[in-house]
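Residue numbers (the numbering used here): 1 to 468. The structure appears below as C-alpha cells.
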Ligand SMILES: *Cc1c(COP(=O)(O)O)cnc(C)c1O
C-alpha cells in the first residue's frame, strides 16, 4: 500500500492524481530521491492548484506545502490519534532519517452514513425541560402532547405512545383480540418486527407476495390467502411507499377482517389525500433512531375507535384498571413511552415538513447524478400516493449489488441491502404463501446513504462503482 502513497517530488501532478485514484485515501506523501518526506498533497490541494492556473504536467513539488502533519516511528497510537481530526484522517510515519516507513489511517467507521437523526430543533430544549421537571418516567405533559400532536398530524382521533414500534404492533393485535387459531396476513418484504408481533400474539402469520411496482403487499395475493381463520391484514407501507389501501380495505370489509397499518417507515405519506396510518382499524409507528421521526426508541398506535384506544391504554399499562389502582382485569404489558422520549418526539414533529423535504432533496440529488445509469431502477411514484423518503431506495438490476456494496464500504460509503424476504428465512418459511416477486426485489434492492446530501466526490465515486 505504501507504494501507492509515495510520490517522488519530480513526478507530475497528473501522476500524483493517478496515485490518489488508486490508493483511494485522497492524498499522497511527497518524498525526495532518498525517500525523505517533503510534504503531503491532498486531492483538494491539487484541485485548488489547478483552479489557480497550475498545470497537470507541472511537478508535484510546486504544490507541496511545507506545513503538514506527520508522526514519528515509536510514537504511541494515542499520540498519533491526537493529531488526526475531521479533515486529517491519515498521516505519514517517518523514521529518524525522515524517511516514510509507514502510515496511520484513523478509520472512524463510515464517513457517509445511511441514516443519522436530525435533532437540530427544540429536541434538546424539551428534553432538558422534561428532565428538570423530574417527570422522567411514563407520566408527564410531553406524553399526552406527543400523542395529541402526532395523531392529529396523521388525521386520527387517538394516539397511544409505546416503548417501540414492535410493542405498538403487538399492542394493536392484542387490543383487536388476535390470538391462537387466528391467521394474520403480512407481506413478504418487511422488517421482521411485523411478523414477530403476530407470532408473539400466538397467531399464525400468512406471508404473501408484493407488487412489482410498489414493493408493497399484493391485494390479489391477500384475497387468495384468506381462509375462514383469517382475522387481520397488516399492510406495511414499506420504504415510505403507500399500500394499495383501497383494494385492501375492500377485501377487509368483504371478509370482515381487521386492518393494522404498519406505518413504521412512512411518517407523513398520503394515500388519495389522506395520510397513511389513518386508514385502518389501528396503525402503528416506530420512532427508532433510523426512522423518519425518532425518539431514540419509541412507537405509537393510532386509531379512530374510542374502545380500541381504551383497550390499548389499559394493556399498555400492565392491564391495570384505570379507576382502581393495582386491580388487574386483563393480562397486560409494560409498553409505555417515557416523558423524555416524548419530549424529543414533540420537537421532531414540529419539523416534520423540513425533515421530509430534506430527505426528498437527498433522493432528488441521487436521481439527478446517477439517473443515467441503466442498471439502477428507482422507487416508483404511484398515482394517488404521495410517498415519503425514508431511506433512498434503488434496485440494482445487473445482479452485482453485493459487489457494489463491498466497494462502497471500502470507500467509507455505507449502504444497506433491502430486507431479506421473510419467506427465505428458515424461522418463517413455514408461514409462506407466495413470494416470487419479493425474492427478486429483496436481492436487487439497496438503500443509499440518506443522512445528508452526498457531496460531489461521493456521487462521482458511486457513479464509478455502479459503472464498473
Ligand atoms: C422499524 C420497524 C418496526 C419496528 O419498530 P421498532 O421501533 O424498531 O420496534 C416495525 N415494522 C417496520 C416495517 C419497521 O421498519
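A virtual CB, placed ideally from N, CA and C, is assigned to each residue, including glycine. Predicted model, so just to flag it, every value in this text is computed and none were measured.
Thinking just about the alpha-carbon of each residue, which of the options is nearest to the one in residue i?
i	options	result
residue 329	337, 335, 320 and 336	320
residue 293	388, 316, 224 and 331	388
residue 97	173, 31 and 165	31
residue 244	104, 114, 280 and 60	280
residue 428	204, 95, 436 and 71	204
residue 340	296, 371 and 359	296
residue 167	216, 137 and 288	288
residue 417	374, 426 and 399	399
residue 63	260, 39, 362 and 455	39
residue 128	115, 142 and 116	142
residue 343	240, 131 and 411	131
residue 54	241, 383 and 13	13
residue 401	350, 263 and 467	467
residue 335	165, 436, 351 and 449	165
residue 372	324, 260 and 459	459
residue 262	249, 233 and 254	233
residue 124	346, 403, 375 and 374	346
residue 71	253, 103 and 457	103
residue 231	358, 419, 211 and 172	172
residue 448	377, 438, 426 and 440	377
residue 179	188, 186, 163 and 199	199
Would you kindly report the start and end of the unbroken beta strand (DSSP E) that includes residue i?
i	result
residue 27	27–31
residue 345	No beta strand (DSSP E) holds residue 345; the alpha helix (DSSP H) holding it covers 339–350.
residue 128	Element bounds for residue 128: not the beta strand (DSSP E) but the alpha helix (DSSP H), 123–132.
residue 105	100–105
residue 70	Residue 70 -> no beta strand (DSSP E), and no H or E assigned at all.
residue 283	282–286
residue 251	First-last for residue 251: 245–255, but that is the alpha helix (DSSP H), not the beta strand (DSSP E).
residue 451	From DSSP, residue 451 is part of no beta strand (DSSP E); its letter is neither H nor E.
residue 273	Careful: residue 273 lies outside any beta strand (DSSP E) and carries neither H nor E.
residue 161	158–162
residue 380	Neither: residue 380 is in no beta strand (DSSP E) and is coded neither H nor E.
residue 92	90–94
residue 231	230–233
residue 118	Counting along the chain, residue 118 falls outside any beta strand (DSSP E), and DSSP gives it neither H nor E.
Which residues bound the alpha helix (DSSP H) around residue i?
i	result
residue 170	165–175
residue 466	456–467
residue 2	Per DSSP, residue 2 belongs to no alpha helix (DSSP H) and is neither H nor E.
residue 220	219–225
residue 149	141–154
Can you give me the C-alpha to C-alpha distance between residue i and residue j, rounded to a whole angstrom?
i	j	result
residue 158	residue 303	5 Å
residue 327	residue 317	12 Å
residue 201	residue 18	59 Å
residue 394	residue 218	20 Å
residue 45	residue 134	53 Å
residue 276	residue 381	15 Å
residue 101	residue 88	19 Å
residue 251	residue 257	8 Å
residue 47	residue 379	35 Å
residue 385	residue 368	22 Å
residue 291	residue 35	51 Å
residue 305	residue 430	34 Å
residue 161	residue 283	12 Å
residue 61	residue 9	5 Å
residue 322	residue 208	39 Å
residue 215	residue 268	18 Å
residue 452	residue 240	18 Å
residue 383	residue 309	32 Å
residue 391	residue 434	26 Å
residue 151	residue 118	21 Å
residue 354	residue 121	11 Å
residue 409	residue 455	16 Å
residue 405	residue 25	18 Å
residue 59	residue 15	9 Å
residue 470	residue 299	As displayed, the chain neither begins before 1 nor continues past 468, which places residue 470 out of reach and without an answer.
residue 176	residue 312	9 Å
residue 69	residue 11	21 Å
residue 314	residue 332	7 Å
Segments of 3+ residues assigned as beta strand (DSSP E) that fall wholly inside the stretch 382–441: 392–396
Hey, which unbroken runs of the alpha helix (DSSP H) at 4 residues or more fall wholly within the stretch 296–341? 306–316
In the stretch 183–212, which residue ranges form an unbroken beta strand (DSSP E) of at least 3 residues, counting only runs that do not cross its ends? 183–187 and 204–208
Any beta strand (DSSP E) of 3 or more consecutive residues that is wholly inside the stretch 6–64: 6–8, 27–31 and 37–42
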